[in-house]
Amino acid sequence: MSDLRAHDLLWLSALPAPAPAWARPHWPVVVRRAQAPAGQVPVGLRGSVRSERQSGVTASTSVLRVCTPEQLSSIVVPASLAPCAALDALRVASGPLNALGLAWGPSGSTGFALATGEPLLRADSDLDLVLRSARPFTTQQRDALLAMLAEASQLCRIDLQIDTGHGGFAFAEWAAGRTRVLLKTAQGPVLTANPWEMP
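In the numbering used here, the protein residues as written are 8 to 206.
Here it is in structure tokens:
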């Protein structure tokens, strides 16, 4: 399971102990960006409300199924999910993102709802997106992403995270031309002038 990446959803044979009372054993956990002992995976548990969150680690041998954000980029929206702004924004964003030719997908509450069919999205839910890019964006790619965000963010707030393979950062910070951006890595967050370089 060494190919697991942050934002992947995992279904487990058993939840990490001690599991909180609100945890649902049939719900997936999400891979976190953190260090863990060999044979272990850092994960986060979530419940039905925002306050129900807990971090932990699980044995890689307990993973039964994996669902990546990329797999959710083209999934048919489950009938159990009511129409909402986040899903509308996802439809708007999907065309421009597919045109880039890079791996991407929804994460956060939207990704979780699409993967499970659980009606967790609200009218004011944000849309979290992950875009995988091991190389810096060209000017054309940057402009395409800015145009997509300008259109889709009219529907709801969008958080676009760029996953470089060794860390993740907010596209908005980088596109704003900041001299340094916050790169989240397994070893912790670092400020860097080039988030595509290994810290």
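Where is the CB? At the ideal position from N, CA and C, for every residue including glycine.
These numbers come from a predicted model, not from an experiment.
Limits of the alpha helix (DSSP H) - the one that residue i falls within
i: Pro103; result: Ala92 to Leu107
i: Ala179; result: Phe178 to Ala182
Where residue i falls: helix, strand or coil (DSSP)
i: Pro76; result: helix
i: Leu156; result: helix
i: Ala151; result: helix
i: Ser87; result: coil
Pair within 8 Å by beta-carbon distance, residue i and residue j
i: Thr171; j: Val188; result: no
i: Leu88; j: Pro126; result: yes
i: Ala157; j: Ile165; result: no
i: Ala110; j: Arg139; result: yes
Rounded separation between residue i and residue j - CA only
i: Ala66; j: Thr75; result: 18 Å
i: Met155; j: Ala21; result: 40 Å
i: Ala106; j: Arg149; result: 13 Å
i: Arg40; j: Gln78; result: 19 Å
i: Gly184; j: Ala177; result: 12 Å
i: Gly54; j: Ala122; result: 15 Å
i: Pro32; j: Glu180; result: 36 Å
The beta strand (DSSP E) enclosing residue i, as first and last residue numbers
i: Gly115; result: It is not in any beta strand (DSSP E) - Gly115 instead sits in the alpha helix (DSSP H) that spans Gly115 to Thr123.
i: Leu138; result: Leu134 to Arg139
i: Trp213; result: This structure cannot settle anything about residue 213, because the visible part of the chain is limited to 8 through 206.
i: Asp170; result: Ile165 to Asp170
Residues near residue i in its chain [Cβ-Cβ closer than 6 Å; skip 5 each side]
i: Pro85; result: Gly124
i: Pro35; result: Leu16, Leu17 and Trp18
i: Val162; result: Per the sequence presented here, residue 162 reads as Leu, with Val not at that position. Ala92, Asp95 and Ala96.
Contacting residues, own chain, Cβ-Cβ under 8 Å from residue i (five flanking each side not counted)
i: Ala141; result: Thr171, Gly172 and Trp203
i: Pro44; result: Val64
Close Cβ partners of residue i (< 7 Å) along its chain, the five nearest in sequence each way excluded
i: Pro23; result: Val50, Gly63, Val64 and Thr65
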